[in-house]
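First comes the structure, then the notes that go with it.
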Amino acid sequence: MQSISALLVTDMTLKEGEIGMQLKPKWLAQSPTAPANSKRCRTCALRAYRAYERIRTATDAQETCPLDLVNTNIDERRKVVYAITTDRDIREFLLGQALALFEQLRICQMKLDQYGALRVADQGPVSNLCKAMTLRDCSLFVKLSGNSIDARLGDLDLKQAEKLPRWQAIESTLVNEGWYTNTEREDVRGRERICLLSRSGP
10 MQSISALLVT DMTLKEGEIG MQLKPKWLAQ SPTAPANSKR CRTCALRAYR AYERIRTATD
70 AQETCPLDLV NTNIDERRKV VYAITTDRDI REFLLGQALA LFEQLRICQM KLDQYGALRV
130 ADQGPVSNLC KAMTLRDCSL FVKLSGNSID ARLGDLDLKQ AEKLPRWQAI ESTLVNEGWY
190 TNTEREDVRG RERICLLSRS GP
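Under this note's numbering, the first residue of the sequence shown carries the number 10, and numbering increases by one thereafter.
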């Protein structure tokens, strides 16, 4: 007989009077194969590329950099949180208690993907990359009920190794066409103003 395993998760469905939000933290650390002189993190590089392709997701529309979720500068962290939600209590949660979660996600993303999609086949197990990509696409669900806040991670279905060619193709495009370094083709180039990396260094 085949054994079946299941995981019970908290129901985050909102009831009357409750307030909720969903946030995708995305890539909380830079891609291992991004150029050293990058002006965009992986999420912001993909956002810029998608804008060129006339594609705009809900995450793109926020016009925020995920690196700011773990920014040591509280003022910069506050800016990104205020852009994500207008609710005062959820803002305070994201600035306070959620920071430890974001930092742990960042550590796990970095630990599981030390080589990047372009080098993983030669340097490390693809299974770890799949886990890292899962954590880069998970969602944080936050529910405010009265004075109580409940938060859970979701969308944790494990990414499959069959996606590796697609991940490699995207990374190659971002690296080779200058989307990381903000040196994309001049006729489509715009100065990067959103990414934390564009505000750091010379």
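By construction, the Cβ of each residue, glycine as well, lies at the ideal position given by its N, Cα and C atoms. Predicted model, so just to flag it, every value in this text is computed and none were measured.
Beta-ladder partner(s) of residue i, from DSSP
| i | result |
| --- | --- |
| A160 | V151 |
| G29 | K152 |
For residue i, three-class secondary structure by DSSP
| i | result |
| --- | --- |
| Q123 | coil |
| A38 | coil |
| P75 | helix |
| N185 | helix |
| R175 | helix |
| L23 | coil |
| A43 | coil |
| C50 | coil |
| D196 | helix |
| E180 | helix |
| R65 | coil |
Residue i to residue j span [Cα, whole Å]
| i | j | result |
| --- | --- | --- |
| V197 | G163 | 36 Å |
| Y124 | R49 | 18 Å |
| Q177 | L183 | 10 Å |
| N46 | E171 | 31 Å |
| L23 | G29 | 7 Å |
| L153 | R87 | 19 Å |
| E195 | I179 | 20 Å |
| Q71 | P34 | 12 Å |
| D159 | T192 | 42 Å |
| A107 | C74 | 16 Å |
| L127 | L144 | 19 Å |
| F102 | E201 | 29 Å |
| W36 | G26 | 33 Å |
| L104 | A92 | 12 Å |
| L110 | P41 | 21 Å |
| L173 | N82 | 35 Å |
Neighbour-count burial assignment, residue i, 16 or more Cβ in a 10 Å radius
| i | result |
| --- | --- |
| Q39 | buried |
| L205 | buried |
| L114 | buried |
| Y58 | buried |
| N156 | exposed |
| I99 | buried |
| I203 | buried |
| K140 | buried |
| L167 | exposed |
| Q31 | exposed |
| D84 | exposed |
CB contact below 9 Å: residue i versus chain C
| i | result |
| --- | --- |
| A60 | No chain C is present in this structure, which holds just one protein chain. |
#### Entry: Length-filtered (4 minimum) alpha helix (DSSP H) runs lying within the segment 80-145
83-93, 97-104, 106-121, 129-132 and 135-144
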